[in-house]
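Encoded as C-alpha cells, the structure appears first; notes follow it.
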Amino acid sequence: MKLIVYYLIGLVFGVGISISGMANPAKVLNFFDLAGSWDPSLMFVMGGALIVTFIGYRLAFRRSAPLMAPRFEVPTRRDLDLPLIGGSAVFGIGWGIAGFCPGGALPALGTGMIEVAIFVASLIAGLLTARVLRRVGVNALTKSTT
Amino acid sequence: MTPIVTEFTPLASAFGGALIGLAAVLLMTFGGRIFGATGILSGAILPTGAGDRAWRWALLAGMVSGPLAVQLMTGSMPAVEIPISLPMIIVGGFLVGVGVNFSSGCTSGHGVCGMARLSPRSIVATLTFMAATIVTVYIVRHVIGA
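Protein chains in written order, with numbering that gives the first Met the number 0: chain L, 0 to 145; chain H, 0 to 145.
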C-alpha cells in the first residue's frame, strides 16, 4: 500500500517533468544560452515548483510527523564547504554539456530513447566514481592526521 | 551544431513545475523526505546500510512512468530532443554524477526542496550550478562552437 503511494508521488513528479520541458535537453540548453537561442520557459518551471513547495512544506511541517514515516528527515547542515560548492560547479559543467539533470533524465528514461539510457548509465558511473574518490580522500585525511 | 529552436511555453512549464512542487510536498507529507533525484537514485542503487530501499524504487518507477502517462493523457510523448553528440552525453553524464555526489543534491533536491526551505547550503549550491551551467553553455556554443 505504501509503495503504491510512493509510486503515485513519483508519477506526479514524472508527469510534471515531462510537461515542463525539463526532460528535453534542447529546451534546457536553450534556457542557459542567454547569448543565443534563449528560451525562458524553465524560469516558469522553477517558479511554479518553488511557489507550491514553499507553501506546501509549511503546511506539511504543521504536523508533528509525516503520515507514513516516524519522523521528518530533512538535512540540518548549514555550513558551506568545498564539496558542496565544487560539486555544484562540476554538476553545472556536466549539465551545460549534456542538458540533462538527474531529475530530468530519470523520467525521460520512460520515452525509451537509448541516448537517455546512456546518459543515466554515465551518471551512475559518475556517482560510483565520486563515492570511491571520497572514500580514498577520507582515508588519506585520517592517515595524515594519525 | 545548430541549436534546436524551442518554443517558449510559460503555461505548460509553470504547470509542470507546480506538479514537481506538488510531488515534493506529497513526499514530505507522506514520507517525511526531500524529493531529490540524486538522493533517491543514490539510495536505490548504492548500499547505504539502512535496508529500506523499496520506497525509492517505487518512486523511480513512478518517475519513469511519467512520459507514458503524458502520452495517455495528451496522445503524444513529451519531446526529448538531444542536440549534442554521444561523447558529450557520456562526458556530461559522468560529470553530473560526480558533481551531484559531492554536492549532495541537484536541481530537485537543492534547487526546489532546499530553496523552499531557505537552506543556505541549497541556495549557494543552486546559484553555483546555475552559474556554471550558463558559463559552460556559453563556452560550448559560442567559444568552441560545438
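Cβ atoms here follow ideal geometry from the backbone N, Cα and C, with glycine treated the same way.
From the options, residue whose alpha carbon lies closest to that of residue i
i: ALA120/L; options: ALA139/L, LEU33/L, ALA104/L; result: ALA104/L
i: SER17/L; options: GLN70/H, PHE128/H, ALA60/H, PRO119/H; result: GLN70/H
i: GLY30/H; options: ARG133/L, ILE8/L, GLY93/L, ILE54/L; result: ILE8/L
i: THR5/H; options: GLY35/L, TYR5/L, MET0/L, GLY13/L; result: GLY35/L
i: PRO39/L; options: ILE33/H, ALA11/H, LEU45/H; result: ALA11/H
i: SER75/H; options: ILE83/H, GLY65/H, ALA43/H; result: GLY65/H
i: PHE31/L; options: CYS100/L, ALA129/L, LEU81/L, LEU58/L; result: CYS100/L
i: THR110/L; options: ALA78/H, LEU40/H, MET72/H, ILE122/H; result: ALA78/H
i: GLY46/L; options: THR37/H, GLY20/H, HIS141/H; result: GLY20/H
i: VAL11/L; options: PHE7/H, ARG55/H, LEU26/H; result: LEU26/H
i: ASN29/L; options: ALA97/L, PRO82/L, ALA59/L; result: ALA97/L
i: ALA129/L; options: LEU108/L, TRP94/L, PHE90/L; result: PHE90/L
i: LEU127/L; options: GLY92/H, GLY15/H, ARG55/H, ALA17/H; result: GLY92/H
i: ARG120/H; options: ASP80/L, GLY93/L, TYR56/L, ASN138/L; result: ASP80/L
i: ILE63/H; options: MET0/L, ALA22/L, ASN138/L, VAL131/L; result: For clarity, residue 63/H is Val in the given sequence; the question names Ile instead. Minimum Cα distance to VAL63/H is reached at ALA22/L.
i: GLY93/L; options: ALA53/H, SER102/H, THR135/H; result: THR135/H
i: ARG62/L; options: GLY61/H, SER102/H, VAL24/H; result: VAL24/H
i: GLY108/H; options: ARG55/H, ILE39/H, ILE83/H, ILE3/H; result: ILE39/H
i: LEU126/H; options: VAL131/L, GLY102/L, ALA88/L; result: ALA88/L
i: LEU85/H; options: ALA116/L, GLY102/L, PHE60/L; result: ALA116/L
Rounded distance between the beta-carbons of residue j and residue i, thought under 8 Å
i: THR52/L; j: CYS112/H; result: 6 Å
i: PRO24/L; j: ILE81/H; result: 5 Å
i: VAL14/L; j: ALA13/H; result: Their Cβ separation, rounded to whole angstroms, is 14 Å, which puts VAL14/L and ALA13/H out of contact at 8 Å.
i: ILE88/H; j: GLU114/L; result: 6 Å
i: ASN100/H; j: GLY86/L; result: 7 Å
i: ILE33/H; j: VAL73/L; result: 6 Å
i: GLY95/L; j: ALA131/H; result: 7 Å
i: TYR6/L; j: ALA60/H; result: 6 Å
i: THR28/H; j: LEU66/L; result: 6 Å
Identity of the residues DSSP links to residue i by a beta bridge
i: GLU72/L; result: ARG32/H
Through-space distance from residue j to residue i, alpha-carbon basis
i: GLY96/H; j: ASP51/H; result: 23 Å
i: PHE118/L; j: MET112/L; result: 10 Å
i: VAL44/L; j: CYS105/H; result: 15 Å
i: GLY136/L; j: GLY125/L; result: 16 Å
i: LEU94/H; j: ARG133/L; result: 15 Å
i: LEU58/L; j: ILE50/L; result: 13 Å
i: PRO106/L; j: LYS142/L; result: 42 Å
i: LYS26/L; j: ALA43/H; result: 28 Å
i: PHE128/H; j: LEU2/L; result: 33 Å
i: TRP37/L; j: PRO69/L; result: 45 Å
i: GLY35/H; j: SER41/H; result: 10 Å
i: PRO9/H; j: ASN138/L; result: 49 Å
i: LEU16/H; j: ILE123/L; result: Checking the displayed sequence, the identity of residue 16/H turns out to be Gly instead of Leu. Roughly 25 Å separates the two Cα atoms.
i: MET0/L; j: HIS141/H; result: 51 Å
i: LEU41/L; j: ALA48/L; result: 10 Å
i: ALA115/H; j: VAL4/L; result: 23 Å
i: ALA64/L; j: ARG77/L; result: 22 Å
i: LEU108/L; j: ILE54/L; result: 30 Å
i: SER102/H; j: THR37/H; result: 10 Å
i: GLY110/H; j: LEU117/H; result: 10 Å
i: GLY98/H; j: ARG55/H; result: 21 Å
i: ILE3/H; j: ILE122/H; result: 30 Å
i: VAL154/L; j: LEU18/H; result: Only positions 0 to 145 of chain L appear in this structure, which leaves residue 154/L out of reach.
i: SER19/L; j: MET72/H; result: 15 Å
i: ILE83/H; j: ALA53/H; result: 35 Å
i: PHE7/H; j: LEU33/L; result: 14 Å
i: TYR56/L; j: PHE71/L; result: 11 Å
Any non-hydrogen atom of the ligand GTP closer than 7 Å to residue i Cβ
i: MET27/H; result: The ligand GTP is not among the ligands present in this structure, which contains no ligands whatsoever.
message: Which runs of the beta strand (DSSP E) at least 3 residues long sit entirely within the region 18-71 of chain L? Give them in chain order.
response: Runs of the beta strand (DSSP E) inside the region 18-71 of chain L: none found.
- prompt: Taking the runs of the beta strand (DSSP E) that are 3 residues or longer, which of them lie wholly in the region 72-108 of chain L?
  reply: Inside the region 72-108 of chain L, DSSP marks no whole beta strand (DSSP E) run of 3 or more residues.
Continuous alpha helix (DSSP H) assignments of at least 4 residues falling wholly in the region 50-74 of chain H: Segments of the alpha helix (DSSP H) lying fully in the region 50-74 of chain H: 53-63, 65-73.
query: Where in the region 86-139 of chain H do unbroken runs of the alpha helix (DSSP H), each at least 4 residues long, occur, reported from the N-terminal end onward?
result: Note on the region 86-139 of chain H: whole alpha helix (DSSP H) runs with a minimum of 4 residues are 119-137, in chain order.
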